[in-house]
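Chemist:
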Amino acid sequence: MDRLETKDTELHQETLRLNRYLALAGVGSRRKNDELILSGAVRVNGTIVKELGSKVDPGRDRVTVNGKPVQVAHRFLYILLNKPKDCITTVRDERGRTTVMDLVRVRDRVYPVGRLDRDTTGILLLTNDGDLAHGLTHPSSEIEKMYRARLEKGITDDDLQRLRRGVRLSDGPAKAREAAVIPGTRRKEVFLTVHEGRNHLVKRMFDKLGYTIRQLERVGFAGLTTEGVARGKWRFLRQSEVQHLKSLMDKKKHTHA
Ligand code: URA
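In case it helps, this note's numbering puts the sequence shown at residues 218 to 474.
(1) Taking only three categories from DSSP, how would you classify N236?
(2) Counting only the same chain and skipping the five closest in sequence on each side, list residues whose C-beta sits under 8 Å from that of H333.
(3) So does the region 316 to 335 actually touch the region 365 to 375, counting three or more Cβ pairs closer than 8 Å?
(4) Does the ligand URA have even one heavy atom less than 7 Å from the beta-carbon of D303?
(5) Pick helix, strand or coil for L441, following the three-state DSSP scheme.
(6) Use the C-beta contact count for A350: other C-beta atoms within 10 angstroms, 16 or more gives buried, fewer gives exposed.
(7) Mapping the DSSP letters down to three states, classify T223 as helix, strand or coil.
(8) Determine which residues share a DSSP beta bridge with M363 and list them.
(9) With distances taken Cα to Cα, identify the nearest neighbour of S271 among Y238, L298, S256.
(10) If L320 sits next to G449, beta carbons under 8 Å apart, how far is it from one beta carbon to the other, in whole angstroms?
(11) Given the structure, does K267 come close to the ligand URA, in the sense that its CB is under 7 Å from one of the ligand's heavy atoms?
(12) Under three-state DSSP, which class holds I305?
(13) Comparing alpha-carbon positions, which option in R379, R277, L255, T429 lies nearest E268?
(14) What ranges does the beta strand (DSSP E) occupy inside the region 237 to 282, keeping only unbroken runs of at least 3 residues that lie completely in it?
(15) In the DSSP assignment, find the unbroken beta strand (DSSP E) run with G339 in it and report its ends.
(16) Taking 7 Å as the cut-off, is the beta-carbon of D334 closer than that to any non-hydrogen atom of the ligand URA?
(17) Taking 7 Å as the cut-off, is the beta-carbon of T337 closer than that to any non-hydrogen atom of the ligand URA?
(18) What residue does the alpha helix (DSSP H) around K347 start on, and which one ends it?
(19) Determine which residues share a DSSP beta bridge with K285 and list them.
(20) Kindly indicate the opening and closing residues of the beta strand (DSSP E) around K420.
(21) Taking G257 as the reference, give the member of Y295, E406, R379, V282 with the closest Cα.
(22) By a C-beta neighbour count over all protein chains shown, 10 Å radius and 16 as the cutoff for buried, is G401 buried or exposed?
(23) Looking at the structure shown, is K300 part of a helix, part of a strand, or coil, going by DSSP?
(24) Classify A366: buried if its beta carbon has 16 or more other beta carbons within 10 angstroms, exposed otherwise.
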């Protein structure tokens, strides 16, 4: 097998060995690249790097060989952000407010997969893989999203039941696949699982039942969580996670076929 065939998947990793990066960019074999590195021809972010085994981050580092920029031809980036409050899910904001793009600084253009309200925190994916983004946000994908809603008052069992049975919103009924509180608590914290992504869906569902949400966090998206990623930070998805998302799309295609 051509060893360069693995390039898309390898590039989901945060860092690559410099000789490998150069090979993927078509500069030369790894051995030749080691020679180039030792000769001082390779710079990373403007600094000559002579150490074999140095690592580069393909999303951020700028690599040149003899002054000429080199870049891997094409790559998909898959990013998991733990979105903080006061940050909007858009690529650009005319009013100069902080956007998710200000937090995720990568050289390639990536786009948010769906959206979270400005005051909603938690998991948000970003990618430049248009097919996957489209698949994940399409209503038919029914991707599972789990939210933790902190309410201003405790919720009754009846209302949890109503969320599960479905409530009528102005743009059609909305239903939680699951809605639960932790037993023994003051019932102000509700875990809600939905399989669609209409705007302000969760807030509108609670509003319909007379509850105001004080804090909303998305704690799960298609089985992924922000575990290990601090608020405001991000990481690349692991290859297995990308495969998992793609397999959800494939499954959906087959069930709709
Ligand atoms: N539902 C909402 O009301 N807001 C979000 O940000 C996400 C889901």
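Quick reminder that beta carbons are idealized off the backbone N, C-alpha and C, glycines included. Since this is a predicted model, take the numbers as computed values, not measurements.
Modeler: Per the coordinate set shown:
(1) helix
(2) The question names His, yet the displayed sequence has Leu at residue 333. Once the five neighbours on either side are set aside, the close Cβ partners of L333 are K300, T306, G339, L341, R435.
(3) no
(4) no
(5) strand
(6) buried
(7) In this predicted model, T223 has a pLDDT of only 39, less than 50, meaning its place in the structure is not dependable; the value taken from the coordinates is given anyway. Helix.
(8) T410, G437
(9) Y238
(10) 6 Å
(11) no
(12) strand
(13) L255
(14) 259 to 261, 280 to 282
(15) 337 to 344
(16) yes
(17) yes
(18) According to the sequence as given, residue 347 is Gly; it is not Lys. Note, G347: alpha helix (DSSP H), 347 to 354.
(19) V282
(20) Not the beta strand (DSSP E): K420 falls in the alpha helix (DSSP H), residues 418 to 425.
(21) V282
(22) exposed
(23) strand
(24) buried
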